[in-house]
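K.L.:
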Amino acid sequence: MLRLFLPPNLATAAARDAIALKIELDASGVPPAALLPALALLQRWCGTDAPPPFIQITRAQLRELIATLAPQPVFFRLNQPSAPLLWVGPRLRGASEHLQESPPPFPAAPGASSPTTTPPASRAGAPARAAAPRSSSASTPMLVDGSEHYLAITLPSREHIAYADALELLKNSGFRLEPSNRKWWLRDRHKTLAFLAAHGAALRGAFQAEFTDNFEKNTARISDAAVVCDADGNDGGYRVTLGLRAGLVSEKQLLAAAASGRGYVEDDGGVYLLPPSTLDRLASAQRALAGEPGGAGGGLVARRTHRVNAARVADAESIIEEIAPGFKPPSAWRELSAALRDTSRLAPAPVPAALDALLRPYQRLGAAWLWHLRRHGLGGILADEMGLGKTLQALAVIAALKNETGMEFSIFDSRFSIGGAAALNEFSPNASQSKIENRKSKILPAPALVVCPASLVENWRREAARFAPALRVFIHHGNSRLARASDLGAHDLVITSYGTLARDRALFADAPLALLIADEAQHLKNRRSQNARALRSLRAGSRFLLTGTPLENSLDDLRSLLEILLPGYLDAMPAGTRGEERLWHDERLRARAAPYILRRTKESVAPELPGKIEQVIYCELTPAQAALYRRVHETTERQLLDLETGGASENAIRLATLTQLLRLRQVCCDPRLVECGMRNADCGMKTLAPDAGTGDDVAIGAAAPHSAFRNPHSAFGAADSAKLDTFLELLDEAIDDGHRILVFSQFTKLLDLAAAELDARGIAHVRLDGSMHVRARQAAVDRFDNDASVPVFLISLKAGGTGLNLTAADTVIHLDPWWNPAVEAQATDRAHRIGQTRVVTSYKLICSGTVEEKVLQLQDTKRKLLADVFEASDATAAKLTLADMKALLE
Numbered sequence: 001m002l003r004l005f006l007p008p009n010l011a012t013a014a015a016r017d018a019i020a021l022k023i024e025l026d027a028s029g030v031p032p033a034a035l036l037p038a039l040a041l042l043q044r045w046c047g048t049d050a051p052p053p054f055i056q057i058t059r060a061q062l063r064e065l066i067a068t069l070a071p072q073p074v075f076f077r078l079n080q081p082s083a084p085l086l087w088v089g090p091r092l093r094g095a096s097e098h099l100q101e102s103p104p105p106f107p108a109a110p111g112a113s114s115p116t117t118t119p120p121a122s123r124a125g126a127p128a129r130a131a132a133p134r135s136s137s138a139s140t141p142m143l144v145d146g147s148e149h150y151l152a153i154t155l156p157s158r159e160h161i162a163y164a165d166a167l168e169l170l171k172n173s174g175f176r177l178e179p180s181n182r183k184w185w186l187r188d189r190h191k192t193l194a195f196l197a198a199h200g201a202a203l204r205g206a207f208q209a210e211f212t213d214n215f216e217k218n219t220a221r222i223s224d225a226a227v228v229c230d231a232d233g234n235d236g237g238y239r240v241t242l243g244l245r246a247g248l249v250s251e252k253q254l255l256a257a258a259a260s261g262r263g264y265v266e267d268d269g270g271v272y273l274l275p276p277s278t279l280d281r282l283a284s285a286q287r288a289l290a291g292e293p294g295g296a297g298g299g300l301v302a303r304r305t306h307r308v309n310a311a312r313v314a315d316a317e318s319i320i321e322e323i324a325p326g327f328k329p330p331s332a333w334r335e336l337s338a339a340l341r342d343t344s345r346l347a348p349a350p351v352p353a354a355l356d357a358l359l360r361p362y363q364r365l366g367a368a369w370l371w372h373l374r375r376h377g378l379g380g381i382l383a384d385e386m387g388l389g390k391t392l393q394a395l396a397v398i399a400a401l402k403n404e405t406g407m408e409f410s411i412f413d414s415r416f417s418i419g420g421a422a423a424l425n426e427f428s429p430n431a432s433q434s435k436i437e438n439r440k441s442k443i444l445p446a447p448a449l450v451v452c453p454a455s456l457v458e459n460w461r462r463e464a465a466r467f468a469p470a471l472r473v474f475i476h477h478g479n480s481r482l483a484r485a486s487d488l489g490a491h492d493l494v495i496t497s498y499g500t501l502a503r504d505r506a507l508f509a510d511a512p513l514a515l516l517i518a519d520e521a522q523h524l525k526n527r528r529s530q531n532a533r534a535l536r537s538l539r540a541g542s543r544f545l546l547t548g549t550p551l552e553n554s555l556d557d558l559r560s561l562l563e564i565l566l567p568g569y570l571d572a573m574p575a576g577t578r579g580e581e582r583l584w585h586d587e588r589l590r591a592r593a594a595p596y597i598l599r600r601t602k603e604s605v606a607p608e609l610p611g612k613i614e615q616v617i618y619c620e621l622t623p624a625q626a627a628l629y630r631r632v633h634e635t636t637e638r639q640l641l642d643l644e645t646g647g648a649s650e651n652a653i654r655l656a657t658l659t660q661l662l663r664l665r666q667v668c669c670d671p672r673l674v675e676c677g678m679r680n681a682d683c684g685m686k687t688l689a690p691d692a693g694t695g696d697d698v699a700i701g702a703a704a705p706h707s708a709f710r711n712p713h714s715a716f717g718a719a720d721s722a723k724l725d726t727f728l729e730l731l732d733e734a735i736d737d738g739h740r741i742l743v744f745s746q747f748t749k750l751l752d753l754a755a756a757e758l759d760a761r762g763i764a765h766v767r768l769d770g771s772m773h774v775r776a777r778q779a780a781v782d783r784f785d786n787d788a789s790v791p792v793f794l795i796s797l798k799a800g801g802t803g804l805n806l807t808a809a810d811t812v813i814h815l816d817p818w819w820n821p822a823v824e825a826q827a828t829d830r831a832h833r834i835g836q837t838r839v840v841t842s843y844k845l846i847c848s849g850t851v852e853e854k855v856l857q858l859q860d861t862k863r864k865l866l867a868d869v870f871e872a873s874d875a876t877a878a879k880l881t882l883a884d885m886k887a888l889l890e
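Number 209 in the UniProt record's numbering belongs to position 209 of the sequence shown; there are no gaps in the numbering.
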């Protein structure tokens, strides 16, 4: 399977003769014969057997690729990955018209000149037409003669690559062959002009036709109607007018001709062609600017005015460039958009010199990106891979703000803020200026607010004290909380937890904030949660979200984050939207989110960071463990069959499935996590769930809590757990080689069992789980960081999988798999992050032939979803559905 993605700004890229091409190639099977020539081209250009994901090619190379692949549905727009570009004969709609050569690479043939139509522009002053490039073969090209009243076309020679398609096009368009001169004739003015409108670009591009001097002379009055775009305004908002211009022809006449399919209009000065592809792209651009999906909105409008807020300029410019490459926006627009679309054009943030000296180059760029957004009252998602220093980059911007402005914030009418829905959806020419001026009328001191999980409050305080000691920092948490909103102004930086913010929502809602920074923002993916509502209620000059995983389940996660980041920015998606309309909204979400997400990986920005080795170690169940697994599995099948045949609801079946999955996973970890009276009993068992009430540990299902963990009558011991035995072997070898180890599990009782074995061997260790107070957690982190005699850190996956910096370790062991690979990756990155000087090895223990192997397959599906979204490609929901869970039990 081959998929080729063209950039949204193809017209601009083609003009520069530097076209970025994204390649998706499934090399698992034998490629179809129709794709082999194209694959050979890619291999020759790249110099490798497997082409890389991205390459840069010229117009000539893309023309050759299109000619080789016609009519295969393999070309897509990067921002429309589910809709292949359409073929019109050998021409690829939306691409071929941008690929003509200018100036020509060789002289035109005697008596031949340029094709009829010109790029959309006003007829007066239009550039001279350049001859199209001749086919690289030795065959005779197509030759076009005629005027605005007739056409006489000589087909290319039969060996020409375009011969068959050209013949079919002429026959279908009403041409008739004149045997005496072997020319194909069209003798009707209306049909001639309509043909030139519909296929003039194809003659020039895909068919590589040449045009006689006689044709050039006789068609001097003909040009394409121009697509024009004008914009005026400033950061407070822009009016954008996008439409057609054809001499003195009225808008009513233009629309009538377009609606009737006539293909042209005329006035005393000339004839103006209306190419269907141009009209389609113009209507699509108008709908996109208006936020209207599919064919909604009544189709083409001759001149349509749109309201474009500062938050939308980058997205709007990418839409406009496709249809009006000569668009010249106001200077304020250009300044904002250019840096969002090309980070190399960002101006440095005014970070204090001492802190700036500590930043790596990519961190300076990240700080500059955040600063650029703040200057324009916008916000963004800093989505760098775990371990690249998102906290440091955020602190750099806070320090820069204090350094330059003294932490001041403009208070203005929230209805016309960048995040205000009215500013995005309404436009009043009389009200705009007064509101913009009102933005500057009140200046009040205001702090930056950082909101993070409770476990990270102390970490933020320490990082601020280390990297930005000049900041006046206040921890609004626990018993140390401010009583009045006005008290916030005495501090540069206030740090609080999500839970505290939700409780003190009224206090913070009354306070103006210079910056709002939400750390580990994936916790906000539920837009109806108290955390998300509290964040949305705050008044901030700019909002920034820090997360390594802006998408955990589906694009809905990203939509929720953007609603907090820039309220009102996204087009509302009607309830029940599905099918093609849902795809349209998803594609618009990806396109509109892209300028406000900055994500870098360790490989791309920190090559000096040691590598990460990931290894799956499979364990064979012990005989007693295998017997118990079989009994539990058989019991599970019987219970689910009884529920289904008894007419139970899907929710009841889902809950039962979740509970049985939990039991099977616990058997894989250690049989003692599932209580059985005797080895050969019928397993009317009681499942040991993670500690009740901690709120940090995750269990699938609603298993009842146990009364006592150590059961003196238990029929199982440590020797019955294959996984525990493998873990101890790994641990002994790692400690002997001088490594320090992080051990993760979602089951705190499994950590209890592991701790008991470590105690029995005299191996020092520390522990972190959801039952521990914040101070106790920090004490455990500090001891592991500072005491090299402690080689092992036992950590609950949900309590310690994010926010910690544990580079003292270079080995990570996952005792049990979790269905979401992003959670496991975050846990591993506690050790694999900036400051690490050694290669990090991550081991995942999996019991073969069990539900755990099925979980690995589900993880692969999840990982592909995450990669697709970050590359602005297609994405599908990958939540744990009932079908997913049943598949795990098979």
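Even glycine gets a Cβ: it sits at the ideal position worked out from N, Cα and C.
Note that the coordinates shown come from a computational prediction; the quantities given were computed from them, not determined experimentally.
#1: For Thr496, name the three-state secondary structure that DSSP assigns.
#2: One question on the structure: do Gln522 and Thr549 come within less than 8 Å of each other, judged by their Cβ atoms?
#3: Indicate whether the contact test is met: 3 or more Cβ pairs, each with one atom in the segment 194-213 and one in the segment 248-260, closer than 8 Å.
#4: Since I believe Leu524 is in contact with Ile495 (beta carbons under 8 Å), could you give me their beta-carbon distance rounded to a whole number of angstroms?
#5: Identify the continuous alpha helix (DSSP H) that holds Glu634 and give its terminal residues.
#6: CB-CB under 7 Å to Leu177, same chain, minus the five flanking residues each way: which ones, in chain order?
#7: Assuming His739 and Ala755 are in contact, meaning their beta carbons sit under 8 Å apart, how far apart are those beta carbons, in whole angstroms?
#8: Extract the residue ranges of the alpha helix (DSSP H) inside the segment 229-313, only unbroken runs of 4 or more that lie entirely within it.
#9: Specify the secondary structure class of Trp819 as computed by DSSP and reduced to three states.
#10: Going by other Cβ atoms of all chains shown within 10 Å of its Cβ, with 16 needed for buried, is Asn786 buried or exposed?
#11: Can you tell me which of Tyr843, Asn820, Leu673 and Glu650 puts its alpha carbon nearest to the alpha carbon of Phe727?
#12: Measuring only from the beta carbon, is Ser180 closer than 7 Å to any heavy atom that is part of the ligand ADP?
#13: Note down, in chain order, each residue of its chain lying with its Cβ closer than 8 Å to the Cβ of Asn9, except the 5 sequence neighbours on either side.
#14: Taking 8 Å as the cut-off, does the segment 281-291 touch the segment 260-272 (at least 3 CB pairs, one atom from each stretch)?
#15: In whole angstroms, what separates the C-alpha of Thr622 from that of Leu658?
#16: Determine whether the beta carbon atoms of Ala448 and Ile381 lie at a separation below 8 Å.
#17: List in chain order: all unbroken alpha helix (DSSP H) runs of 4+ residues lying wholly within the segment 499-571.
#18: Run the CB neighbour count on Ala719, radius 10 Å, all protein chains shown included, and call it buried at 16 or more, exposed below.
#19: Can you give me the Cβ contacts of Arg341 inside the same chain, cut-off strictly under 8 Å, excluding the 5 residues immediately before and after it?
#20: How would you write the range of the beta strand (DSSP E) that Phe747 sits in, first residue to last?
#21: Just reading off the beta strand (DSSP E) that Ile813 is part of, what are its end residues?
#22: State the DSSP-derived secondary structure class of residue 964, mapped to helix, strand or coil.
#23: Note down, in chain order, each residue of its chain lying with its Cβ closer than 7 Å to the Cβ of residue 895, except the 5 sequence neighbours on either side.
#24: Going by alpha carbons, who is nearest to Trp818 out of Asp752, Arg665 and Arg777?
#25: Pair every Cβ in the segment 504-517 with every Cβ in the segment 337-351, then say whether three or more of these pairs are closer than 8 Å.
#26: Determine the burial state of Met1: buried for a count of at least 16 other Cβ atoms within 10 Å of its Cβ, exposed for fewer.
#27: For the candidate residues Ala197, Ile153 and Asp586, whose alpha-carbon lies nearest to that of Pro179?
#28: Contact defined as beta carbons within less than 8 Å: I believe Ala197 pairs with Val144. What is the distance between those atoms, to the nearest angstrom?
#29: Report the three-state DSSP secondary structure of Pro84 (helix, strand or coil).
#30: Applying the criterion that 16 or more other CB atoms from any shown protein chain within 10 Å of the CB defines a buried residue, is His306 buried or exposed?
#31: In or out: Asp736 buried (at least 16 other Cβ within 10 Å) or exposed?
#32: By DSSP's criteria, Val450 is part of a beta bridge. Which residues make up the other side?
#33: Judging by CA-CA distance, which residue of Asp557, Pro276 and Ala231 is the nearest neighbour of Phe327?
#34: Please name the residue, chosen from Leu730, Leu643, Gly646 and Thr748, that lies closest to Leu673 on a Cα-to-Cα basis.
#35: Given that a residue counts as buried once 16 or more other Cβ atoms are within 10 Å of its Cβ, and exposed if not, what is Ala490?
#36: On the DSSP bridge list, what partners appear for Arg767?
P.N.:
Taking the geometry as given:
#1: In this structure, Thr496 counts as strand in the three-state DSSP scheme.
#2: Yes; because the gap between Cβ atoms is below 8 Å, this pair is in contact.
#3: At 8 Å Cβ cutoff, the stretches do not touch.
#4: No, Ile495 and Leu524 are not in contact; Cβ-Cβ is about 17 Å, not under 8 Å.
#5: Pro623 to Thr645
#6: Correct list, in chain order: Trp184.
#7: Going by Cβ atoms, the distance from His739 to Ala755 rounds to 19 Å, so no, they are not a contact pair.
#8: 251-260 and 276-290
#9: Trp819 carries a coil assignment under DSSP once its states are collapsed to helix, strand and coil.
#10: exposed
#11: Per the Cα distances, Tyr843.
#12: This structure lacks the ligand ADP, and indeed carries no ligand of any kind.
#13: Same-chain partners within the cutoff: Ser318, Glu321 and Glu322.
#14: no
#15: Each residue's Cα considered, the two are about 24 Å apart.
#16: no
#17: Within the segment 499-571, the complete alpha helix (DSSP H) segments of 4 residues or longer fall at 505-509, 530-536 and 555-565, listed in chain order.
#18: exposed
#19: Ala314, Glu317, Ser318 and Pro595
#20: Note, Phe747: premise wrong, no beta strand (DSSP E); not H, not E.
#21: Thr811 to His814
#22: The first residue shown for the chain is 1 and the last is 890, placing residue 964 beyond what the model contains.
#23: Outside the modelled stretch of the chain, which goes from 1 to 890, sits residue 895, for which no answer is possible.
#24: Arg665
#25: no
#26: Taking a 10 Å sphere around the C-beta of Met1, we find fewer than 16 other C-beta atoms and assign the residue as exposed.
#27: Ile153
#28: Ala197 to Val144, Cβ: 15 Å. No contact.
#29: strand
#30: With 16 or more other Cβ atoms within 10 Å, it is buried.
#31: exposed
#32: Ile495 and Ile517
#33: Closest option to Phe327, Cα to Cα, is Ala231.
#34: Thr748
#35: exposed
#36: Leu794
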